[in-house]
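In our numbering, each residue carries its 1-based index in the sequence shown increased by 25.
All C-beta atoms, glycine included, are put in the ideal place defined by N, C-alpha and C.
Values in this document were obtained by computation on a predicted structure and should not be read as measured data.
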Amino acid sequence: MKKLTGRLKSEHDTLVSMTAIYCADHHGKQADPLCSACAELMRYSEERLAKCPYGQEKPTCNNCPVHCYKKEKREHVREVMRYAGPRMPLRHPWRALTHVYDKLRKVVHPRELRRARNRKRVENKKESA
Ligand SMILES: [Zn+2]
Numbered sequence: 026m027k028k029l030t031g032r033l034k035s036e037h038d039t040l041v042s043m044t045a046i047y048c049a050d051h052h053g054k055q056a057d058p059l060c061s062a063c064a065e066l067m068r069y070s071e072e073r074l075a076k077c078p079y080g081q082e083k084p085t086c087n088n089c090p091v092h093c094y095k096k097e098k099r100e101h102v103r104e105v106m107r108y109a110g111p112r113m114p115l116r117h118p119w120r121a122l123t124h125v126y127d128k129l130r131k132v133v134h135p136r137e138l139r140r141a142r143n144r145k146r147v148e149n150k151k152e153s154a
């Protein structure tokens, strides 16, 4: 598996931090930070991120128009987000902040990208006129 870099890596790091919060409170204290189900989810998410068609332009997952997770994994990760999301600012303030900032980025489906760029060119022309 290729190693994640840049935005993909920070997204995965954020997810690992969130999963650690969720796992400790729901699956009990382990010798390892994550239980086997959560560790498996992390391996799965790393693999999905590595294959993300957006690459470094990736939107946050809950903003993404491409649903690449299997149903069961998606439910697990959604549980993690719902529980750990509001708790992140306390434990990882900087990470939580950059994640919020990321959510504000506009998300466009890959096939819409070109159309959006063309629209922008027209808008810019109008403004400068
Ligand atoms: Zn767990």
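- Query: Would L115 pass as a contact of L74 if the rule is Cβ separation under 7 Å?
  - Reply: no
- Query: CB of H117 to nearest heavy atom of ligand 1: below 6 Å?
  - Reply: no
- Task: Measuring from each Cβ to the nearest heavy atom of ligand 1, keep the ones under 5 Å and list them in chain order.
- Result: C48, H52, C60, C63
- Can you say whether R140 is buried or exposed, counting buried as having 16 or more other CB atoms within 10 angstroms of its CB? exposed
- Task: Would you be able to state if there are at least three C-beta pairs under 8 Å between the region 88-101 and the region 66-80?
- Result: yes
- Task: Since I believe R32 is in contact with K83 (beta carbons under 8 Å), could you give me their beta-carbon distance rounded to a whole number of angstroms?
- Result: 6 Å
- Message: Please classify S61 as buried or exposed, where buried requires at least 16 other C-beta atoms within 10 Å of its C-beta.
- Response: Here S61 is exposed: its Cβ has fewer than 16 other Cβ atoms, across all protein chains shown, within 10 Å.
- Item | 8 Å Cβ shell around R99 - same chain, five flanking residues per side excluded | H92
- Can you tell me which of S42, Q81, C48, S35 puts its alpha carbon nearest to the alpha carbon of C63? Cα-wise, what sits closest to C63 is C48.
- Item | Inter-residue spacing [alpha-carbon to alpha-carbon] between E148 and L66 | 43 Å
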